[in-house]
Structures are given as structure tokens and as C-alpha cells.
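Participant: The listed protein sequences derive, respectively, from chains L and Y. Sequential numbering of the first sequence, starting at 1, is according to the numbering used here. Sequential numbering of the second sequence, starting at 166, is according to the numbering used here.
Number of protein chains: 2
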Amino acid sequence: MSQLQPVSRDEALLALDALLNAMPPVAAMGVRASAGDGDFLRLQAPLAKNLNDKGCAFGGSLAGVMTLAGWGLATCRLQAEGLAAEVYVADSQLRYLAPLYDDLLAEARLADGERWPEVLARLRQRRRARLSVRALTLDRRGAVVAELDARFALIIPPSPGDAPP
Amino acid sequence: MSQLQPVSRDEALLALDALLNAMPPVAAMGVRASAGDGDFLRLQAPLAKNLNDKGCAFGGSLAGVMTLAGWGLATCRLQAEGLAAEVYVADSQLRYLAPLYDDLLAEARLADGERWPEVLARLRQRRRARLSVRALTLDRRGAVVAELDARFALIIPPSPGDAPP
Numbered sequence: 001m002s003q004l005q006p007v008s009r010d011e012a013l014l015a016l017d018a019l020l021n022a023m024p025p026v027a028a029m030g031v032r033a034s035a036g037d038g039d040f041l042r043l044q045a046p047l048a049k050n051l052n053d054k055g056c057a058f059g060g061s062l063a064g065v066m067t068l069a070g071w072g073l074a075t076c077r078l079q080a081e082g083l084a085a086e087v088y089v090a091d092s093q094l095r096y097l098a099p100l101y102d103d104l105l106a107e108a109r110l111a112d113g114e115r116w117p118e119v120l121a122r123l124r125q126r127r128r129a130r131l132s133v134r135a136l137t138l139d140r141r142g143a144v145v146a147e148l149d150a151r152f153a154l155i156i157p158p159s160p161g162d163a164p165p
Numbered sequence: 166m167s168q169l170q171p172v173s174r175d176e177a178l179l180a181l182d183a184l185l186n187a188m189p190p191v192a193a194m195g196v197r198a199s200a201g202d203g204d205f206l207r208l209q210a211p212l213a214k215n216l217n218d219k220g221c222a223f224g225g226s227l228a229g230v231m232t233l234a235g236w237g238l239a240t241c242r243l244q245a246e247g248l249a250a251e252v253y254v255a256d257s258q259l260r261y262l263a264p265l266y267d268d269l270l271a272e273a274r275l276a277d278g279e280r281w282p283e284v285l286a287r288l289r290q291r292r293r294a295r296l297s298v299r300a301l302t303l304d305r306r307g308a309v310v311a312e313l314d315a316r317f318a319l320i321i322p323p324s325p326g327d328a329p330p
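#1: When the cut-off is 7 Å and only beta carbons count, does phenylalanine 317 (chain Y) lie next to chain L?
#2: Would you call the CB atoms of methionine 188 (chain Y) and serine 226 (chain Y) closer than 7 Å?
#3: Would valine 65 (chain L) and leucine 100 (chain L) be called neighbours here (beta carbons separated by less than 7 Å)?
#4: Cα separation between alanine 80 (chain L) and threonine 67 (chain L)?
#5: For leucine 68 (chain L), which residues in chain Y fall below 9 Å Cβ to Cβ?
#6: For proline 190 (chain Y), would you say it is in contact with chain L, using Cβ-to-Cβ distances shorter than 7 Å as the test?
#7: Does DSSP classify glutamate 251 (chain Y) as helix, strand or coil?
#8: Go ahead and label proline 190 (chain Y) buried or exposed: buried means 16 or more other beta carbons lie within 10 angstroms of its beta carbon, across all protein chains shown.
#9: Could you name the residues of chain L that leucine 259 (chain Y) contacts, counting a contact when the two beta carbons are closer than 9 Å?
#10: Pick out the complete alpha helix (DSSP H) segments inside the region 44-113 of chain L, 4 residues or longer, and give them in chain order.
#11: Distance cutoff 7 Å, beta carbons only. Does alanine 168 (chain L) sit that close to anything in chain Y?
#12: Among Y:Ala234, Y:Tyr253, Y:Asp204, Y:Gly224, which residue has its Cα nearest to the Cα of leucine 280 (chain Y)?
#13: I want to verify the contact list: residues of chain L whose CB lies under 7 Å from the CB of alanine 273 (chain Y), in sequence order.
#14: Who are the neighbours of asparagine 215 (chain Y) on chain L, taking C-beta pairs under 8 Å?
#15: I want to see whether chain L comes within less than 7 Å of leucine 238 (chain Y), judged by CB atoms only; does it?
#16: Please list, in chain order, all residues of the same chain as tyrosine 166 (chain L) whose beta carbon is under 8 Å from its beta carbon, the five residues on each side excluded.
#17: So with CB distances below 8 Å, who are the chain Y contacts of glutamate 81 (chain L)?
#18: According to the neighbour-count rule (16 or more other Cβ atoms, all chains shown, within 10 Å of its Cβ), is proline 157 (chain L) buried or exposed?
#19: For glycine 307 (chain Y), which of Y:Asp268, Y:Leu243, Y:Leu185, Y:Ala286 has the nearest alpha-carbon?
#20: Could you spell out the range, first to last residue, of the beta strand (DSSP E) harbouring valine 144 (chain L)?
#21: I'd like to know whether the C-beta of leucine 138 (chain L) is nearer than 7 Å to at least one C-beta of chain Y.
#22: Among Y:Asp175, Y:Leu181, Y:Ala177, Y:Ala318, which residue has its Cα nearest to the Cα of aspartate 256 (chain Y)?
#23: Is any beta-carbon of chain Y found at less than 7 Å from that of leucine 19 (chain L)?
#24: Can you tell me whether DSSP reads valine 133 (chain L) as helix, strand or coil?
#25: Compute the Euclidean distance between the alpha carbons of valine 196 (chain Y) and leucine 138 (chain L), then round it to the nearest angstrom.
#26: Taking asparagine 186 (chain Y) as the reference, which of L:Lys49, L:Arg109, L:Arg42, L:Leu43 has the closest Cα?
#27: Tell me the residue span of the beta strand (DSSP E) that contains arginine 124 (chain L).
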């Protein structure tokens, strides 16, 4: 069976922080989940751990934190729904609009037109679904300095108790 | 003036390694330049420093190493040409094709149809140019597990000795 005990969204955020810290490159970037409600997720990371050669934020860190925001949005929602699905990034488009001299703050939401009920129904029915996410990196004044559009694959792996296909 | 003393390509690779190590998130990923000839650049990083929650390479690290490969390709070539230009990533498209359970190995080359002489002529003339790069991540058998197409902005900053515009 693929059903886990559903957890509250706060518990999902705490579980996400533990997952983030368990990944060496993510722990090195100092990424932590600072807010989320199931429809959006905010991650933050200190600039000092993410500097490039020009004294502003490394583009690879922006890519990493925005990708993680999308991945974490999906991971938290699936946990809150009690679904034991894996979340893989499939592809993404990134635009770097301005250098960032502040701490990193990325927010992810579903892409326009994407809706959780439909995605979850598809996932429960076929054990696989695609999820389109949009993430933004904001500076301290709230201006967008980088954007990511990404698609994730949600996959419920077979478990020992499942009937053979 | 924007002309620096031209350096050999080996010196440019060593200088690149120093630049990579000076960036905290890049040093944390253990990225180093392992080969390059001015038309391609190969970067490597150990899997252990770039693990995700599934025991394979973190997508953000793949994005970071491929972006750095493109950035480094441009940086090395500009140094070899004696051009003191800054290199900024402007946008990128990433495709994640398969999980990677090996050390990270990324190779960057100019995109199809892009040629250094034209890019360098544009940069020398206008002090700004765009550069399109393609980077691949390969597994230990040489299969492509992730792809990046990126555009970089090359910019020669004004220097104190320049005449005012």
C-alpha cells in the first residue's frame, strides 16, 4: 500500500527541514524551509554560504534553492495527503534577471492552470503524475531576481505488499 | 583598457580552479576543472558531496556544475584571449534524463552555430556579447544523464583609464 499516516502541514515542514539537512550539498548551502501552507513553500539560505566570485549569489545556488522549493512544495503536499510518492525534477527553465546581494529567499507555487486535486487524482489512479511549478527568488525589497519553471515527476513506487502487475 | 596579459590555457585552467574554490557553495560541492582546451571544459565533483535524499546526485548540483562548466568555458577562453570580461549566466534550460549514481562529470562546449571569433569580435567592438553554451552530465559509461542549454552575458566593465562615454 502507498498510504502513509497523513501528517499536519507544520509536521511536513519540519520533516522537510530534516530532509534538506540530510543532503550534503543542501546543508552546505544552509537551506531551510521558513514558511508554507500546502499551496506555496518558502525556502531561505544565507548569502555568505552562496557567494560567487563577484560577491553576489552564485547562479547554481539560485537554481538549487528554486528547484528545492518546487521539490519541497510537492514533497510536503504529498506527505500531508498521506501519499508515499517520490518527487524527481524532470526539466526546468531558469531566468537570471539581476544579481542578488541579499540572503536567498525562494518561493514556489503551482504553475498557472495546475491544480492539486487533478494532479493527486492522476497520481492515485496511475501511480505517476507530472507537476508544473513556478518558483521565484526575491530580493529584500520583494523584487524578482530569478525565475524557475520546472516540471516534476511524482511516482508511487511499488511496495512489497502490492499485487504483481 | 580591458586588455590583460594573455595567459596559456593551462594557466587559465589553474586560475579557474582557484576561482571555483573561492566560491563557498562550489567548494562545498568539491568542483574542480579536470580538462579543457579552449573549445570545451570538463568539470568533476565527487558524488558524496552532492547526494540527494535518494542516494543519487542532487539535481541542484547537476544544475550548478553544468552552469559552472559553461561559465568556466567562457572565463578560461576570455582569459586566454587577454580579455578582462565578466561572465554572467542569463538563462538556461535543463533536462534531467536519468538518476546519476556516479561522480559528477560535466562537459561544456559552444552551442551549435556559435563561434568564438564572432563572439570575441562582438565583445571587443561593443564591450558586451551573448554566448550560447551546451553542457552535458555523463555517467561513468558516457551516457548523458542531464543536459543544459544556457546563455551567458559577457561584459567588459568600464575601467578608470577609459575615456568617458
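Where is the CB? At the ideal position from N, CA and C, for every residue including glycine.
Facilitator: Short version:
#1: The residue given as residue 317 (chain Y) occupies position 152 in the second sequence. Not one chain L Cβ lies under 7 Å of phenylalanine 317 (chain Y).
#2: The residue you call residue 188 (chain Y) lines up with position 23 of the second sequence. The residue you call residue 226 (chain Y) lines up with position 61 of the second sequence. Their beta carbons are not under 7 Å apart, which means methionine 188 (chain Y) does not touch serine 226 (chain Y) by this criterion.
#3: By one-based count along the first sequence, residue 65 (chain L) stands at place 65. By one-based count along the first sequence, residue 100 (chain L) stands at place 100. Against a cut-off of 7 Å, the Cβ pair of leucine 100 (chain L) and valine 65 (chain L) comes out as no contact.
#4: Indexing the first sequence from 1 puts residue 80 (chain L) at position 80. Indexing the first sequence from 1 puts residue 67 (chain L) at position 67. Our two residues, alanine 80 (chain L) and threonine 67 (chain L), have alpha carbons roughly 20 Å apart in a direct line.
#5: Taking the first sequence and counting its residues from 1, one reaches residue 68 (chain L) at position 68. Simply Phe223, Gly224, Gly225.
#6: Taking the second sequence and counting its residues from 1, the one referred to as residue 190 (chain Y) is at position 25. Closer than 7 Å to some Cβ of chain L, the Cβ of proline 190 (chain Y) qualifies, so yes.
#7: For this step, residue 251 (chain Y) is matched to residue 86 along the second sequence. DSSP places glutamate 251 (chain Y) in strand when its eight states are reduced to three.
#8: The residue you call residue 190 (chain Y) lines up with position 25 of the second sequence. By the Cβ-count criterion, proline 190 (chain Y) is buried, with 16 or more other Cβ atoms from all chains shown falling within 10 Å of its own Cβ.
#9: Reading the second sequence from its first residue, position 94 is the one you call residue 259 (chain Y). What leucine 259 (chain Y) touches in chain L: Ala63, Thr67, Val89, Asp91, Ser92, Gln93, Leu94, Ala150.
#10: The region 44-113 of chain L contains these whole alpha helix (DSSP H) runs: 59-80.
#11: Residue 168 (chain L) lies beyond the range of chain L shown here (1 to 165); nothing can be said about it.
#12: Taking the first residue of the second sequence as position 1, residue 280 (chain Y) is located at position 115. First, the residue type needs correcting, since residue 280 (chain Y) is arginine and not leucine in the sequence shown. When the alpha-carbon of arginine 280 (chain Y) is set against those of Y:Ala234, Y:Tyr253, Y:Asp204, Y:Gly224, the nearest one is in Y:Asp204.
#13: For the purposes of this step, residue 273 (chain Y) is taken as residue 108 along the second sequence, with counting starting at 1. What alanine 273 (chain Y) touches in chain L, judged by beta-carbon distance under 7 Å, is nothing: the nearest beta carbon there is about 13 Å away.
#14: Against the second sequence, residue 215 (chain Y) aligns to sequence position 50. Under the 8 Å cutoff, chain L gives Pro24, Pro25.
#15: To locate residue 238 (chain Y), count along the second sequence from 1; it is residue 73. No, because no Cβ of chain L sits closer than 7 Å to the Cβ of leucine 238 (chain Y).
#16: As shown, chain L starts at 1 and ends at 165. That puts residue 166 (chain L) outside it, with no answer to give.
#17: Numbered from its first residue, the first sequence carries residue 81 (chain L) at position 81. From the beta-carbon of glutamate 81 (chain L), no residue of chain Y is found nearer than 8 Å; the closest lies around 18 Å away.
#18: Working through the first sequence from its first residue, we reach residue 157 (chain L) at position 157. Result: exposed.
#19: Indexing the second sequence from 1 puts residue 307 (chain Y) at position 142. Closest in alpha carbon position to glycine 307 (chain Y), among Y:Asp268, Y:Leu243, Y:Leu185, Y:Ala286, is Y:Asp268.
#20: By 1-based counting over the first sequence, the position of residue 144 (chain L) is 144. In this chain, the beta strand (DSSP E) harbouring valine 144 (chain L) covers 144-155.
#21: Along the first sequence, read from residue 1 onward, the residue named residue 138 (chain L) stands at position 138. No, because no Cβ of chain Y sits closer than 7 Å to the Cβ of leucine 138 (chain L).
#22: Along the second sequence, read from residue 1 onward, the residue named residue 256 (chain Y) stands at position 91. Here the closest residue by C-alpha is Y:Ala318.
#23: Numbered from its first residue, the first sequence carries residue 19 (chain L) at position 19. It does: the Cβ of leucine 19 (chain L) has a partner Cβ on chain Y nearer than 7 Å.
#24: Along the first sequence, one-based indexing puts residue 133 (chain L) at 133. Secondary structure at valine 133 (chain L): strand, using DSSP grouped into helix, strand and coil.
#25: Numbered from its first residue, the second sequence carries residue 196 (chain Y) at position 31. Numbered from its first residue, the first sequence carries residue 138 (chain L) at position 138. For valine 196 (chain Y) and leucine 138 (chain L), the distance between alpha carbons rounds to 27 Å.
#26: Against the second sequence, residue 186 (chain Y) aligns to sequence position 21. It is L:Lys49.
#27: Locating residue 124 (chain L) in the first sequence gives position 124, counting from the first residue. First-last for arginine 124 (chain L): 116-126, but that is the alpha helix (DSSP H), not the beta strand (DSSP E).
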